[in-house]
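**Q** Protein chains in written order, with my numbering: chain A, 136 to 430; chain B, 107 to 535; chain C, 1209 to 1438. The structure that follows is given in the form of structure tokens.
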Amino acid sequence: MNRRGFLKTLGLAGATVACPRTSGAAEPESGVEPYGILVDTTLCAGCNSCTYACAEANGLPEPEDPDAVTKPTTEQWTAIKTWKTSKGDVSVKRQCMHCVSPACHSACLTSALDKTAEGPVVWREDKCMGCRFCMVSCPFDGPKFEYSSTKPRIRKCVMCAGRLKKGEEPACVENCPEGALTFGRRGDLLRTAHKRIADQPDKYVDHIYGEREVGGTSWLYLAGVPFEELGFPTDVGETPYPELTASFLYSVPMVLTLAPALMLGMARATHRDEDETAGEAAKDGAANGGEEERS
Amino acid sequence: MNGARAITQDRPANPPGKREGGAAGLWRFLLSELKPKGSLFTPFNLVSVPIMIAAAVILYIRFTHGLSAVTNLSQEVPWGLWKGLNVVTGVAFAGGAYVVTFLVYVLGQKRYHSIVRITVLNGFLAYVFYAGALLLDLGRPLKVINPIIGNSFGVSSVLFLVAWHFMLYMMAAFLEFSPAVAEWLGLRRVRRTLAALTLGAVIFGVTLSMLHQSGLGALFLMAKGKIHPLWYSEFIPIHFFVSSVFAGLSLVIFEGTLSRRVFRARMSEEHHAHHDDIVLGLSKICAATMFAYLFLKVLDLVHGQKTGLLGTPMGQWYLVEIVGFVLVPMALFTEAVRWRSLRLAKTAAVVTMLGIVLNRLNVSIVGFRWTEQVRYVPTPYEVVVTLGVIFAEIWVLRWVINRMPVLSESPAWVREEAAQPAIAESVAA
Amino acid sequence: MKTIVSDPFATKGIEYLVVLGYLAAVPLFWRYLNGNPLLAPSRVLAAQRKVLSGWFRLPETASYHPGHSWASPAGGGRFRVGLDDFAQKLLGRAAEIALPDLGARLAKGAPAWALNVDGHRFELPAPVTGRVVARNEAALRDPGVVNGDPYGAGWLLEIEAPRWNSGAGSLLRGGRAKEWLARAENALRLRMNPEVGAVLQDGGVPVPGIARALDEEGWDELARDLLTRA
Chain A
136 MNRRGFLKTL GLAGATVACP RTSGAAEPES GVEPYGILVD TTLCAGCNSC
186 TYACAEANGL PEPEDPDAVT KPTTEQWTAI KTWKTSKGDV SVKRQCMHCV
236 SPACHSACLT SALDKTAEGP VVWREDKCMG CRFCMVSCPF DGPKFEYSST
286 KPRIRKCVMC AGRLKKGEEP ACVENCPEGA LTFGRRGDLL RTAHKRIADQ
336 PDKYVDHIYG EREVGGTSWL YLAGVPFEEL GFPTDVGETP YPELTASFLY
386 SVPMVLTLAP ALMLGMARAT HRDEDETAGE AAKDGAANGG EEERS
Chain B
107 MNGARAITQD RPANPPGKRE GGAAGLWRFL LSELKPKGSL FTPFNLVSVP
157 IMIAAAVILY IRFTHGLSAV TNLSQEVPWG LWKGLNVVTG VAFAGGAYVV
207 TFLVYVLGQK RYHSIVRITV LNGFLAYVFY AGALLLDLGR PLKVINPIIG
257 NSFGVSSVLF LVAWHFMLYM MAAFLEFSPA VAEWLGLRRV RRTLAALTLG
307 AVIFGVTLSM LHQSGLGALF LMAKGKIHPL WYSEFIPIHF FVSSVFAGLS
357 LVIFEGTLSR RVFRARMSEE HHAHHDDIVL GLSKICAATM FAYLFLKVLD
407 LVHGQKTGLL GTPMGQWYLV EIVGFVLVPM ALFTEAVRWR SLRLAKTAAV
457 VTMLGIVLNR LNVSIVGFRW TEQVRYVPTP YEVVVTLGVI FAEIWVLRWV
507 INRMPVLSES PAWVREEAAQ PAIAESVAA
Chain C
1209 MKTIVSDPFA TKGIEYLVVL GYLAAVPLFW RYLNGNPLLA PSRVLAAQRK
1259 VLSGWFRLPE TASYHPGHSW ASPAGGGRFR VGLDDFAQKL LGRAAEIALP
1309 DLGARLAKGA PAWALNVDGH RFELPAPVTG RVVARNEAAL RDPGVVNGDP
1359 YGAGWLLEIE APRWNSGAGS LLRGGRAKEW LARAENALRL RMNPEVGAVL
1409 QDGGVPVPGI ARALDEEGWD ELARDLLTRA
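Spelled out as structure tokens, the structure:
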């Protein structure tokens, strides 16, 4: 059982109402490669077609001025920012990265954030209690919270999980006029990306962002300039974020087992002296109550 | 001392358990106990009541218009003052309860016995109010039952663990305090049963406290990269746990001085007699724990190779916290112990408490997203609500102290039941 | 992709050095923390201490409980017990002494007898565990006997105690008793004003007891505090 399977077994004790998974956790892991999307930033023209398509497909309000929005928001799940780089202006589309081992999922105490077998990380309204621990934990600031609502939701790209189920591509990929977005199995996309780098080593830096970052993400990026210049966090490391809390969580049962035993022993050791000297003076009945007494 | 006697007897002479059985008697007793005792127009009341009313109004707006109406929380800074101060800091200060019960019931340090009830009560109420303040911050507070009733267990979550431990610890702390409630209500048999459960509740409570005090630190483990490296550490759970020891004890020392002034009349002789020794004993524990804590911090600097950061502005702020609010109060505690100076001990306790507030806020707010251009600064509304929660806790604490045998001696019937081997009763051989 | 930390144990060596430093510092810190400068040898303090030192009698024949009672073996598995010199001088003359009945069981450290001094009741602990077999009727009739000769005619009880379970073994004796008394004297000295010191130096016992001479108002609290300080 790989890590994702392990997390799933841990995390998905509850029923799955909002997002029934056709493949489900029961399906064996063998052979099912999750989906991903490859973004080739060298091809992106920053036209925002993806932004409009996303709004339409997910029932979001139509973006009024998407050029002015450079970070995803609760109402616009994908946003394009144009960076001034050593190789000129580069437009980069950003949204939830749909990590292979999502920090948000392991952080969520109600399992409201769910990593589906197909790849998307989705949010389930009936579970969430609005604590925003997912937002604290996410290295990419994926989840957005509706602060102005009395019934706030976590809003973010869901990789068009509903369309995927119907066998369709995510709306942004389908509507990209430049072919900057490629949808497919994550493994296939990595092969494609490596091939592009090998074919045109002058055009691309030899780094696929999301291949190994935080244990891998479903969204993968190719770029002509180092990713630092494009505002990607490059200090996140290659360890899946949930592992940062693993050793703490593993020590919990240990402490729960050992600490009471040790303390019982200590209590016995320190009270023995008393038992002997007080002797019969403390009667049985009093010995019980005597614990609390201030005599 | 005579005053103490007089006021002790001021308590209703006939708690319901003794007087008349039945729910009606209990109900009448409870109603009579709701009446305030003493003047309503004290300086504390004049300050706290308006703030609590304002907090209530703000909370009404918060629940009708959403969090953004009263807070400065943002997509980048999702946790603000309510979580950083009320929950994370407030719970650290509640640490005194587990340390003192551990000393008395596990290590058999009987001299701390007279402060057990007040610290446990303080701890229990701190959890009720400060962990309860979490509800104010939740987007969907009604869903808080989700991780508890089992329709969605996020067992991989540190917050899941912390939430459960809060809840279980509240039960354990209540059990530890419950003999005092039974004494107040005059329920003899219930009291004896409850008292017999104390050791078990204490051991369970100490274990849970170790775990959730460190768990509060573990909450920030996945915020790696968002928290300034001087405050982020893979050992942050251990730092939080160790510092909760001296945070809690400093509050006990500080609170002890206050209540000696405010509740002087209600204090038992035992309490008065041991006060100095208790304060100095706790000071010694604080000094020793802070000594170890400082080395833990040094180890963390070395391990994370962060010493180079100390020259930066954030590094200097870090040094202010470590030197000014850990090293200095540690030295003060040490000198207080050596010279048996209560005044030094109290000063040290206050400085330590400020240091804990500073540390927790540095982790959760100041060091969080320190590179961001627009920094999170709480709104006045957030500050008022935070103060309102603290005042509400003090109000309930005061209500309980004035009615139940917390600082005062247990009623006579409890002492009669207790073992009085020598003079009081002469058992023929 | 460059990795940030190449060697996960790069700092281990220094960490061990820090830990060694810590282990070396702990005993020093602990000694410093527990060292009471008031007990440290200093000329001024030594001179001050002369005022009191040797003023309270501490016969080698008895063993002492930190609650200021003494016990000495009386043969036949019995102990004669009483109030020590410190306690009697501190409290002064008692109006009345309450002793447990014959046959009563006493527990070491639990209140065994009570002195009524000027309307205040002081309970003092038994030094050993056992059964009361004799009471000093003379002391009951005239509590002044205790002030006159606390270790002799002023004894209070005889206690029959099984040797293995009397707790007498852990009473203070010899050097440890002297240390303990020095601490008690010290605590007392801290509360003293110069005039009282002079009275004591002259060898005079303030009739109402040292405590009342120190603080007319809160003397009972002061006495209780000094008696319970072990």
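Beta carbons are placed, not taken as given, at the ideal position from N, Cα and C, and that holds for glycine. Computed from a predicted model, the values in this text were never measured in an experiment.
In chain order, what residues of the same chain have a beta carbon less than 7 angstroms from the beta carbon of residue 206/B, not counting five sequence neighbours either side?
**A** Excluding residues within five positions, the ones whose Cβ falls inside 7 angstroms are 218, 221, 222, 225 and 358.
**Q** Can you give the Cα-Cα distance for residue 161/A and residue 256/A, rounded to whole angstroms?
**A** Because residue 161/A sits at a pLDDT of 36, beneath the cut-off of 50, its placement in the model cannot be relied upon, and the following sentence gives the value as read from the coordinates. For residue 161/A and residue 256/A, the distance between alpha carbons rounds to 18 angstroms.
**Q** For residue 177/A, tell me which candidate among 264/A, 343/A and 192/A has the shortest Cα-Cα distance.
**A** Nearest C-alpha to residue 177/A: 343/A.
**Q** Please state whether DSSP places residue 318/A in a helix, a strand or coil.
**A** In this structure, residue 318/A counts as strand in the three-state DSSP scheme.
**Q** Just curious, the beta strand (DSSP E) that residue 1305/C is in, first and last residue?
**A** Note, residue 1305/C: beta strand (DSSP E), 1304–1306.
**Q** Answer yes or no: does any C-beta atom of chain B fall closer than 8 angstroms to that of residue 237/A?
**A** It does not; no Cβ of chain B falls within 8 angstroms.
**Q** Comparing alpha-carbon positions, which option in 383/B, 321/B and 340/B lies nearest residue 388/A?
**A** Among 383/B, 321/B and 340/B, the Cα nearest to that of residue 388/A is on 321/B.
**Q** With 8 angstroms as the threshold, decide whether the Cβ of residue 444/B is near any Cβ in chain C.
**A** It does: the Cβ of residue 444/B has a partner Cβ on chain C nearer than 8 angstroms.
**Q** If you reduce the DSSP assignment to three classes, tell me which class residue 330/B lands in.
**A** DSSP places residue 330/B in coil when its eight states are reduced to three.
**Q** Cβ of residue 249/B less than 8 angstroms from any chain A Cβ?
**A** At least one chain A Cβ lies under 8 angstroms of residue 249/B.
**Q** At 7 angstroms on the CB atoms, spell out the chain B contacts of residue 399/A, in chain order.
**A** Going along chain B in sequence order, the residues near residue 399/A (Cβ under 7 angstroms) are 309.
**Q** Roughly how many angstroms separate the alpha carbons of residue 1252/C and residue 1264/C, rounded to a whole number?
**A** Its pLDDT being 49, under 50, residue 1252/C is placed unreliably in this model, and the coordinates cannot settle the point.
**Q** For a test of the three-state rule: what should DSSP assign to residue 212/A, helix, strand or coil?
**A** Coil, per DSSP.
**Q** What residues from the stretch 315–334 of chain B come within 8 angstroms of chain A, judged by C-beta to C-beta, listed N to C?
**A** The residues in question are 316, 317, 320, 321, 324, 325, 326, 327, 328, 329, 330, 331 and 332.
**Q** Could one say the Cβ of residue 287/A lies closer than 8 angstroms to chain B's Cβ atoms, at least one of them?
**A** Yes, because at least one Cβ of chain B sits closer than 8 angstroms to the Cβ of residue 287/A.
**Q** Compute the distance between the beta-carbons of residue 288/B and residue 307/B, then report whether it is under 8 angstroms.
**A** Contact: no.
**Q** Using DSSP bridges, identify the partner residues of residue 280/A.
**A** Answer by DSSP bridge pairing, in chain order: 289/A.
**Q** Excluding sequence positions up to five away, which residues of its chain have a Cβ less than 8 angstroms from the Cβ of residue 415/A?
**A** For residue 415/A, the pLDDT reaches just 39, beneath the cut-off of 50, and the residue's location in the model is therefore unreliable, although a value from the coordinates is still provided. Nothing meets the Cβ criterion.
**Q** Determine the contact status of residue 1243/C and residue 449/B, defining contact as a CB-CB distance below 8 angstroms.
**A** No, the Cβ-Cβ distance between residue 1243/C and residue 449/B is not below 8 angstroms.
**Q** Residues in its own chain within less than 6 angstroms of residue 413/B by CB, not counting five upstream and five downstream?
**A** Answer for residue 413/B: 407, listed in chain order.
**Q** Look at the Cβ atom of residue 455/B, then the Cβ atom of residue 360/B, and state whether they are nearer than 8 angstroms.
**A** Closer than 8 angstroms, so yes.
**Q** Can you have a look at residue 367/A and say buried or exposed, based on whether 16 or more other CB atoms are within 10 angstroms of its CB?
**A** Residue 367/A should be labelled buried.
**Q** Taking beta-carbon pairs under 8 angstroms, can you tell me which members of the stretch 382–394 of chain B lie near chain C?
**A** Taking 8 angstroms as the Cβ-Cβ cut-off against chain C, the residues of the stretch 382–394 of chain B that qualify are 382, 383, 390, 393 and 394.
**Q** For a cutoff of 8 angstroms on Cβ pairs, would you count residue 488/B as touching chain A?
**A** Cβ-Cβ to chain A under 8 angstroms: no for residue 488/B.
**Q** Once you ignore the five residues that flank residue 215/B on each side, which residues in its own chain have a CB closer than 7 angstroms to its CB?
**A** Here the set comprises 209.
**Q** Exposed or buried, which one is residue 272/B when buried takes at least 16 other CB atoms within 10 Å?
**A** Under this definition residue 272/B is a buried residue.
**Q** Does any residue of chain C bring its CB to less than 8 angstroms from the CB of residue 401/B?
**A** Interface residue, yes.
**Q** At least one CB of chain A closer than 8 angstroms to the CB of residue 343/B: is that the case?
**A** Interface residue, yes.
**Q** Would you kindly check if the distance between the Cβ of residue 365/A and the Cβ of residue 328/A is under 8 angstroms?
**A** Result no, Cβ atoms of residue 328/A and residue 365/A do not sit closer than 8 angstroms.
**Q** Helix, strand or coil: how does DSSP classify residue 1361/C here?
**A** Correct three-state label for residue 1361/C: coil.
**Q** Give the secondary structure of residue 244/B by DSSP, where H, G and I count as helix, E and B as strand, and everything else as coil.
**A** Coil, per DSSP.
**Q** I need the DSSP call for residue 268/A, collapsed to helix, strand or coil.
**A** Looking at residue 268/A - three-state DSSP - the assignment turns out to be helix.
**Q** Excluding the five sequence neighbours on either side, which residues of its own chain have a C-beta within less than 6 angstroms of the C-beta of residue 452/B, listed in chain order?
**A** Cβ neighbours of residue 452/B beyond the five flanking positions: 363.
**Q** Whole angstroms is fine: what's the gap from residue 159/A's alpha carbon to residue 350/B's?
**A** A caution first: residue 159/A carries a pLDDT of 36, below 50, which makes its placement in the model unreliable, though a value can still be read off. Cα to Cα, residue 159/A sits roughly 43 angstroms from residue 350/B.
**Q** Would you check if the distance between the CB atom of residue 294/A and the CB atom of residue 212/B is smaller than 8 angstroms?
**A** Their beta carbons are not under 8 angstroms apart, which means residue 294/A does not touch residue 212/B by this criterion.
**Q** When the cut-off is 8 angstroms and only beta carbons count, does residue 1223/C lie next to chain B?
**A** Yes, because at least one Cβ of chain B sits closer than 8 angstroms to the Cβ of residue 1223/C.
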